[in-house]
């Protein structure tokens with residue numbers, strides 16, 4: 002799955018730690034999502050979408066699955 | 604450090620400290636008492652703080668975020684497989700009388716430390732690196 006999390010975060014001049022704090026997750030988790038190492042659960046994806054006031058599909062999009 | 608891990612440290616280290624003190628105390632006492640019922644109580648004393656350690660571990664796992672829980676779950680699964688397979692292989696070697704047996708107490712006492720050691724190694728070397736992206 003691809004996502005625009007890093008782009009959206011940088012637009013707001015937030016650090017990974019800032020974003021992690023607002024989502025109540027670790028910075029490691031934000032980093033893993035941004036770099037595509039981990040796909041968040043649906044509840045976390047909804048929290049991310051709500052924080053950025055966007056729809057989930059405008060942040061996450063299906064990638065090429067192996 | 605996140606609040607959930609700060610709480611874990613506040614709960615884990617005092618419990619481990621109490622474990623060490625009670626373990627040393629029970630070893631010292633066991634050399635000086637003979638009654639079986641009393642020896643049973645004294646030797647099991649260090650298990651009490653270990654229950655607090657278990658509580659701290661359960662609370663930190665439940666309090667972590669979803670990726671942290673996943674990392675811990677994968678690491679403990681690898682650790683269980685390695686420890687179980689290692690003990691199984693050890694049993695086969697004993698059964699074939701290839702190696703001299705250790706006493707049962709030593710074998711049983713080392714299960715938990717080996718499990719935890721393998722968990723730490725698996726987490727550090729195999730699991731966490733899989734979820735680590737490039738630095739910000």
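Residue numbers (the working numbering), protein chains in the order written: chain R, 2 to 67; chain H, 604 to 739. Cβ coordinates follow ideal geometry from the N, Cα and C atoms, glycine included.
Residues sharing a beta bridge with residue i, DSSP
i	result
residue 62 of chain R	R:3
Contact with chain H by residue i, beta-carbon distance below 9 Å
i	result
residue 37 of chain R	yes
residue 19 of chain R	no
residue 14 of chain R	no
residue 29 of chain R	yes
residue 50 of chain R	no
residue 3 of chain R	no
residue 45 of chain R	yes
residue 82 of chain R	Any question about residue 82 of chain R goes unanswered here, given that chain R covers just 2 to 67.
residue 42 of chain R	yes
residue 67 of chain R	Here the model assigns residue 67 of chain R a pLDDT of 46, short of 50, so the residue's position is not dependable and the matter cannot be decided.
Cutoff 9 Å: residue i Cβ touching any chain R Cβ
i	result
residue 681 of chain H	no
residue 734 of chain H	yes
residue 670 of chain H	yes
residue 662 of chain H	no
residue 609 of chain H	no
residue 617 of chain H	no
residue 737 of chain H	yes
residue 635 of chain H	no
residue 613 of chain H	no
residue 673 of chain H	yes
9 Å Cβ cutoff met for residue i and residue j
i	j	result
residue 633 of chain H	residue 649 of chain H	no
residue 660 of chain H	residue 730 of chain H	no
residue 59 of chain R	residue 46 of chain R	no
residue 611 of chain H	residue 662 of chain H	yes
residue 34 of chain R	residue 44 of chain R	no
residue 61 of chain R	residue 3 of chain R	yes
residue 36 of chain R	residue 736 of chain H	yes
residue 38 of chain R	residue 605 of chain H	no
residue 678 of chain H	residue 711 of chain H	no
residue 656 of chain H	residue 615 of chain H	yes
residue 10 of chain R	residue 31 of chain R	yes
Residues that residue i contacts on chain C, provided the C-beta gap is smaller than 8 Å
i	result
residue 605 of chain H	Reference to chain C is not applicable here, since the protein chains of this structure are R and H.
Every unbroken alpha helix (DSSP H) within the segment 636-708 of chain H, with a cutoff of 4 residues, ordered by chain
639-647, 650-666 and 669-698
For the segment 637-644 of chain H and the segment 689-696 of chain H, state whether three or more C-beta atom pairs, one from each stretch, are separated by less than 8 Å.
no
Are at least three pairs of beta-carbons, each pair with one atom in the segment 14-27 of chain R and one in the segment 611-630 of chain H, less than 8 Å apart?
no
Touch test, the segment 707-725 of chain H against the segment 3-20 of chain R, Cβ-Cβ under 8 Å, three pairs minimum
No: fewer than three Cβ pairs fall under 8 Å.
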